[in-house]
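Let me begin by presenting the structure, written as structure tokens, before commenting on it.
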Amino acid sequence: MSPVFRPALSCVLSVALIALAVSSVQAQAPVTYRVAFPAPEHHYAQIEVTFPDLPPGTLEARMSRSSPGRYALHEYAKNVFELAAFDGKGKALPISRPNPYQWNVTGHDGSVRVVYKIYGDHVDGTYLAIDPTHAHMNMPATLLWARGFAARPVQVTFVPPKGSKWIPATQLFSTDDPWTFTAPNLQYLMDSPVELSAQTIRSFKVRNPDGREQTIRTALHHDAGDAEVNEYIAGTEKIVREQGAIFGEYPQFDAGTYTFLGDYVPWGGGDGMEHRNSTVVAAAVSLRGPGAVLDVLDTVSHEFFHAWNVERIRPKSLEPFNFEEANISGELWLAEGFTQYYGNLVMGRAGLATRDETAAALARSANTVVSGPGRQFRSAVAMSQMAPFTDAARSVDKTNFSTTFISYYTYGSAVALAMDLSLRDRSNGKVSLDDYMRAMWRVHGKPGGAQPGLVAKPYTLQDARDRLAEVAGDKGFADAFFDKYVEGREAIDYAPLLARAGYALRRSAAGWTGLTGVDASGTITGLLAWGSPAFEAGLDQGDVIVDVDGKSLRPGALQSTLKAKKPGDRLVVTFKRRDGATGKATIAVKEDPALELVRVEASGGTLTSAQQAFREAWLGAKAGR
Ligand SMILES: [Zn+2]
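Structure follows, in structure tokens:
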């Protein structure tokens, strides 16, 4: 988006005059918001937004349809009610509705004040949640804006409920008034979630090689005690320092501060959502429970990695973000998948997961890509482009995603594992994925942007390929890797790569029918994996299995019958279809394609010193303690 200035001028306009017009727009007064919570028990905000210094014509006020980091359409206009518009003298203005997301206001005197209520009771990184304990705001779900004013500065004042003990936490820029904040433009405003609650705010410092210190804050809305808060902050600090070690420096946070907005109450919701200088990390839990803090830290690890990867190392397909449409990106395997990989890897490097837990988590993504059905249909790039239909998207009709789609988080994590181990393997440990991420950072992230909220050098798929060629010092390797594993639908052979770290990736040699998700009545409840033996035999979701090999089934007997089958066996299934028809299907049992990861030492082998060194370089700590 860019500033739109619509003066009634002839088309012959000198460049100098355009420059003058744009600078006069930028010098104009900010768009101001007042966001109040007069009755939080009823879960609504009372919002006033004033657009001053308007050119003549229609003001096109809109609610966003999408939110950065969440790719399906969410139609935030649906929760707006009691909307009215007034001019600078307080006179009510006519409103028309050209589409479901927009309010056109006409007849103004150069200033428009829009007043509305908005309902929200859903804690996560995407929506709005208001109750007597907090106001948890994702801005696209909360604030109405107007077309043509994306470059205007913004001022927001929050009005907490009377008598509440709420304090604010946000990446918005602070002012002398503790309840008033600013943003330099619409992109930054929309990227700035806000938590107002009786929260616990703590901080620690990180230092860059140039000596610059910055503050990392944790702002926790929680129901736990000091011990849990201390454990959370200690874990967060380990994660932050390990990630700093990967890139060699921290991003320049716009106000010198990065904030974890943690929402951990049993009545809340679960999510993690990245932003430029903050993140929402939420779980519907109490941190008091045993192991609860450790359980929520993997989201902390994932989200902080986004401070580099996506917030600054950003795909061109998402810059600038379009709040009016679903945004399509073929690079989410890198933006989300590589973040998923590092989220897990850093938990290990930070000592918050064991070597084996970490290796197993990383190998799980490889297993899904290698042995799952989805790769037959789409590459990592094509899976990324499915995000608008799969990322918290709602539909009434059925989809077959469970058998034709692999999440770009999983697929991308598997690509990251392949790239990391390949780089280490071919360089004898001298080059790794950490070098690749540093190269992406140096070229695409570090250069920054003209203003907070903007990225100057977003990357394309070709850029991502070129950086791999540079890091590997081998264009042929990079081209083959991208052609096969990123844009193509091949899966790398992970076994020899994992063997270098002393892990065996192997099949279990068990029999496989593909007949999963069968309930006690014999009904196949889920879609069968595309190409699995049961699928090839013609069975489908909804079919009821009546007997196997002529023997009628007692409830629960099916799985034990199937377990006894070996690759090469055949079994004949009698089934009843939803239209009343009955039939027989012959299932040719195959070898289970699922892969399991086993430590060399745990399977009778000996870990060599070379394997140990490889494993340590990959999974071991990097930050000095
Ligand atoms: Zn993410």
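First residue of the sequence shown: 63, per our numbering; consecutive thereafter. Each residue gets a CB set at the ideal place from its N, CA and C atoms; glycine is no exception.
Other residues of its chain near residue i: CB distance less than 7 Å, five sequence neighbours each side excluded
i, result
"S86", "With a pLDDT of 45 at S86, under the threshold of 50, the modelled position of this residue cannot be trusted; read the value that follows with caution. Closer than 7 Å at the Cβ level, and outside the excluded window around S86, lies no residue."
"S259", "T195, H196, W228 and H283"
"S363", "I301, G405, V408 and M409"
"L116", "H170, G172, S173 and V174"
"Y189", "G182, N200 and A203"
"P377", "S391, E393, A397, P520 and Y521"
"L589", "N462, S464, T465 and Q603"
"S714", "Only positions 63 to 687 of the chain appear in the structure, and residue 714 is not among them; the question remains open."
"F385", "S126, R127, S128, P202 and M252"
"A139", "M125, P162 and Y163"
"L495", "A478, M481, D482 and L485"
"R529", "Y498, A501, M502 and V505"
"S27", "Outside the displayed range of the chain (63 to 687) lies residue 27, so it cannot be described from this structure."
Beta-carbon contacts of residue i that lie in its chain and below 8 Å, excluding the five residues immediately before and after
i, result
"S348", "H284, D285, A286, Y326, V327, P328 and A354"
"V533", "L485, V493, D497, Y498 and A501"
"R568", "A557, L657, E658 and V660"
"K646", "V634, V635, T636 and F637"
"L359", "Y294, G297, T298, I301, M409 and L414"
"L615", "G584, I607, V608, D609 and T623"
Contact set for residue i: own chain, Cβ-Cβ below 6 Å, skip 5 residues either direction
i, result
"P160", "N166"
"T242", "T219"
"A428", "A476, L479 and Y556"
"N339", "Q233, F315, D316 and Y320"
"V256", "M199 and T232"
Beta-carbon proximity check, residue i vs residue j, cutoff 8 Å
i, j, result
"A566", "A307", "no"
"G618", "P595", "no"
"A245", "G491", "no"
"K179", "Q108", "yes"
"A557", "A134", "no"
"A425", "L681", "no"
"E304", "R411", "yes"
"N247", "G564", "no"
"H136", "L155", "no"
"V443", "G399", "no"
"D149", "V174", "yes"
"D279", "T237", "In the sequence as displayed, the identity of residue 279 is Arg instead of Asp. It is not a contact, given that the beta carbons lie outside the stated cut-off."
"G334", "E365", "yes"
"E663", "L669", "yes"
"K638", "V610", "no"
"V431", "Y403", "no"
"M481", "F543", "yes"
"E144", "A208", "no"
"A217", "T94", "Sequence check: residue 217 is Gln here, not Ala. Yes. Within cutoff."
"A344", "D545", "no"
"G331", "H105", "no"
"S254", "H337", "yes"
"I263", "A231", "yes"
"A22", "P450", "In the structure displayed, the chain extends from 63 to 687; residue 22 sits before or after that span and is not available."
"W395", "V548", "yes"
"R562", "D487", "yes"
"E653", "W592", "no"
"F113", "F211", "yes"
"F34", "P130", "The chain is shown from 63 up to 687; residue 34 falls before or after that span and cannot be answered."
"T416", "V372", "no"
"G642", "V608", "no"
"R440", "A553", "no"
"G507", "W370", "yes"
Integer-rounded CB distance, given that residue j should sit under 8 Å from residue i
i, j, result
"S61", "P629", "Residue 61 is absent from the model: the chain starts at 63 and stops at 687."
"T644", "T636", "7 Å"
"T341", "L356", "Not really, about 18 Å apart at Cβ, beyond 8 Å."
"P240", "P92", "Not confirmed; about 18 Å, so no contact."
"E311", "P271", "6 Å"
"T587", "G600", "Actually they are not in contact, since the Cβ atoms of T587 and G600 sit about 18 Å apart, beyond 8 Å."
"E381", "V517", "5 Å"
"R527", "D541", "7 Å"
"V268", "Q261", "Actually they do not touch by this definition, with Cβ atoms about 21 Å apart."
Short CB-CB distance (under 8 Å) between residue i and chain B
i, result
"Q261", "You won't find chain B in this structure, because it holds only one protein chain."
Uninterrupted beta strand (DSSP E) stretches inside the stretch 109-163 (no shorter than 3 residues) = 121-124 and 142-149
Using the beta carbon as the reference atom, which residues fall closer than 6 Å to any heavy atom of ligand 1, ordered along the chain?
-> E336, H364, H368, E398 and T401
Where are the alpha helix (DSSP H) runs, 4 residues long or more, that stay fully inside the stretch 417-502, in chain order?
-> 417-433, 442-446, 449-452, 463-466, 470-488 and 495-502
Of all the alpha helix (DSSP H) runs that stay within the bounds of the stretch 541-625, which reach a length of 4 or more residues?
-> 556-561, 595-598 and 619-625
Completely contained alpha helix (DSSP H) runs for the stretch 315-391, where each covers 4 or more residues | 354-367
Please specify which runs of the beta strand (DSSP E), each continuous and at least 3 residues long, are wholly inside the stretch 178-260, giving them in chain order.
-> Whole beta strand (DSSP E) segments, 3+ residues: 190-193, 196-199, 216-221, 229-232, 242-245 and 256-259.
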